[in-house]
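Residues 166 to 654 in this note's numbering are what the sequence shown lists, from first letter to last.
The beta carbon of each residue, even a glycine, is placed where N, CA and C say it ideally should be.
Computed from a prediction, not measured in an experiment: that's the story for all the values here.
Scroll down for the structure; my scribbles are underneath it.
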Amino acid sequence: MKHAIVIGSGFGGLAAAVRLGVRGYRVTVLEKLDAPGGRAYVHRRDGYTFDAGPTIITAPYLFEDLWTICGKRLADHVKLRPIDPFYQVRFDDGDVFRYSADLDAVRAQIARIEPRDVEGFDRFLDKSRRIFEVAFAQQAEQPFHELGALFAAAPGLVRLGGYRSVYQEVSRFFRSEKLRLLFSFHPLLIGGNPFTTTAYYCLIAHLERTYGVHYAEGGVGALMNGIVDLVRGTGGTLRCGAEVAEVLVEGGKARGVRLASGEVIESDIVVSNADAAWTYGKLLGKHARRRWTDAKLERSRYSMSLFVWYFGTRRRYDDVYHHTMVLGPRYRGLLDDIFKRKVLAKDFSLYLHRPTASDTTLAPPGHDAFYVLAPVPHLGSGTDWRERAEPYRQAVQRRLEDTLLPGLGDSLTTSFVLTPQDFHDRLSSWKGAAFAMEPQLFQSAWFRPHNRSEEVEGLYLVGAGTHPGAGLPGVVSSARILDKIVPDP
Ligand SMILES: Cc1cc2nc3c(=O)[nH]c(=O)nc-3n(C[C@H](O)[C@H](O)[C@H](O)COP(=O)(O)OP(=O)(O)OC[C@H]3O[C@@H](n4cnc5c(N)ncnc54)[C@H](O)[C@@H]3O)c2cc1C
């Protein structure tokens, strides 16, 4: 049997391993950490289960597909439950917007803020659908390693206004600044600045509304572990604690990897789910590269990073919703600090995750499990996180005490953080970016590191740093692209 090595066990790597296994490859997944998942790693501490990263599941059909190709049904193994409202947004003035599947309920809340924007909302949803039909349904699974694919896609994408930013596009439909913020923040979920991310990402509104927003019973880790079972079911092997130090190249072709331990593992193809910039800059660091040279990697723009604080409380906060955005006083100014000036601001906008609102098994009885995240600049800011992490965590705690979680300090039981330095050291992310390269127009599709490496034959890329990009739908789609570009074994 032909042997495929997959470097990394994020959602993209695991989905790739399933697909290659089904096609008849003998697959070995090599994971640096002690357990799979990557950004979706699961921390179990003091009776709590914390999903480290993704929490909002959209496009469940992409996961169903992995079970289907294995001749199984996802529903028999993992329970995905739709959640409605999708999420709540708390503005700095205390106003709360419940963004839900119920269109009339959304229209009524828009009318309360700006009655003239109700018809704009309907037009925006229509635009979001049109973008989705081209940019996601047609392009997300299109390999973009040939310029021809770009030229073929360009006219349709230009017609849709992809040269505009998400914020500019949204502003064409909404007069109210509050509503412009509400309908434009989505790129932040995949590491993009709404003021510079291409308007294609307006498609997220349609994606959420058409396929729903879901959570997995037992946490996102249950979904991730379900995919690990699929990998094993197709005869694949997952080796944790196996850090790849180098992709071995012979005569311009990938022939295996060398682990940090010195062990050499040979293979017919290598699929890297490690960060794309890291793959080129470090794993192929010694190899002469035509396109992804050190200078090009340095010039590229990387997404923001995140400060994530995981904590448990000995009480429940029953009026706090499963997903809440806790917005701060500034929008554009804060994003300029994060993406342009790269300074750690004193104020922040937060996303608060309370999975125990929907699934009490994730914490001891009567307790809540939480995480809160704040977008922050990547390591280009020069912030020393070893020094800054605790004061920053305390500031986040104060903000939560003043807004949604009174008495938080007295009810904390367990607490730990993930900083941009951890994204770099633990997850091997270039500049500690949380979502790989920024999803700007000239870093998308053909301009992004290709799924079929342009540097080395037999090397393929999946995950957030390659096409189509970050987020669970994106990385699982990148694995689907392999079916089109990896030869049969
Ligand atoms: C806090 C947070 C919240 C998020 N929320 C959402 C959400 O709600 N919904 C959503 O859709 N998306 C969300 N995202 C984005 C989403 O989680 C990611 O885009 C996606 O999980 C990335 O998957 P990936 O396939 O690129 O692999 P990753 O998860 O990045 O995994 C890559 C793996 O490769 C391993 N690796 C790296 N280098 C090596 C090496 N040299 N040798 C061996 N192994 C190596 C790493 O240890 C890691 O396990 C969130 C991200 C974060 C950080």
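What distance in whole Å lies between the Cβ atoms of residue j and residue i, which are believed to be in contact at a cut-off of 8 angstroms?
i	j	result
D258	R340	About 18 angstroms separates the two Cβ atoms, so there is no contact after all.
V385	A205	6 angstroms
Y376	A224	5 angstroms
A305	L583	Their Cβ separation, rounded to whole angstroms, is 28 angstroms, which puts A305 and L583 out of contact at 8 angstroms.
A245	I222	At residue 245 the sequence reads Leu, which differs from the Ala that was named. About 6 angstroms; that satisfies the 8 angstroms criterion.
V194	T399	Not quite, the Cβ-Cβ distance comes to about 11 angstroms (not below 8 angstroms), so this is no contact.
D440	S594	5 angstroms
V473	L570	With a Cβ gap of about 16 angstroms, V473 and L570 do not count as contacting.
A682	V627	In the structure as shown, the chain starts at 166 and stops at 654, and residue 682 therefore has no counterpart that could be examined.
L395	L231	6 angstroms
G175	N358	G175 to N358, Cβ: 23 angstroms. No contact.
So the alpha helix (DSSP H) residue i belongs to, where does it begin and stop?
i	result
D230	Y226 to I234
Y332	V331 to S336
L395	V385 to G398
V271	L268 to I278
F262	Counting along the chain, F262 falls outside any alpha helix (DSSP H), though it belongs to the beta strand (DSSP E) covering V261 to Y264.
A300	Run containing A300: none; DSSP gives neither H nor E here.
E342	E342 to S349
G421	It is not in any alpha helix (DSSP H) - G421 instead sits in the beta strand (DSSP E) that spans K418 to L424.
R324	L312 to R324
R464	D459 to R464
Give me the Cα-Cα distance between residue i and residue j, rounded to the nearest whole angstrom.
i	j	result
Q608	M602	7 angstroms
A419	M166	17 angstroms
F535	T521	8 angstroms
R294	T579	43 angstroms
R551	Y190	43 angstroms
R464	P652	33 angstroms
E428	G623	20 angstroms
D502	Y467	14 angstroms
V433	L592	Correcting the residue type first, residue 433 is Asp in the shown sequence and not Val. Approximately 26 angstroms, taken between the alpha carbons.
D260	F504	27 angstroms
P247	H379	4 angstroms
V541	L413	35 angstroms
P530	F338	46 angstroms
H632	S576	43 angstroms
L573	D587	25 angstroms
Short of 7 angstroms in beta carbon distance, which residues of its chain neighbour residue i, apart from the five on each side in sequence? Order them along the chain.
i	result
R617	P308, H310, Y625 and I650
S265	D249, P250, F251 and V271
V243	A381, A387, L388 and G391
F581	Y475
A273	none
Can you give me the start and stop residues for the beta strand (DSSP E) that residue i sits inside?
i	result
F286	Premise fails: F286 lies in the alpha helix (DSSP H), D282 to I296, not in any beta strand (DSSP E).
I650	Element bounds for I650: not the beta strand (DSSP E) but the alpha helix (DSSP H), L637 to I650.
F581	L577 to L583
Y557	Unbroken run through Y557 is the alpha helix (DSSP H), W550 to T568; no beta strand (DSSP E).
D533	D533 to V541
M490	H488 to V491
F215	Y213 to D216
H379	H379 to A381
H371	Where H371 is concerned, there is no enclosing beta strand (DSSP E), although the alpha helix (DSSP H) it sits in stretches over L368 to Y376.
P247	L245 to P247
R209	V207 to R210
S470	S470 to T478
V414	V409 to E415
R255	Y252 to R255
E431	V429 to E431
V435	I434 to S437
For residue i, count neighbouring C-beta atoms within 10 Å of its own C-beta (all shown protein chains included) and say buried if the count is 16 or more, exposed if not.
i	result
E284	exposed
P604	buried
G186	buried
L344	buried
S426	exposed
C405	exposed
Y226	exposed
A169	buried
V422	buried
Y328	exposed
R613	buried
D533	buried
E620	buried
R374	buried
G416	exposed
G202	buried
T361	buried
Is there at least one Cβ from chain C nearer than 9 angstroms to residue i's Cβ?
i	result
Y264	No chain C is part of this structure, which consists of one protein chain only.
Quick one: residues in its chain with C-beta nearer than 8 angstroms to the C-beta of residue i, no 5 flanking neighbours on either side, listed in chain order?
i	result
A314	Q307, P308, A610 and W611
L462	A442, Y445, G446 and W595
If you drop the 5 nearest sequence neighbours on each side, which residues of the same chain put their C-beta closer than 6 angstroms to that of residue i?
i	result
L492	F256, D257 and S514
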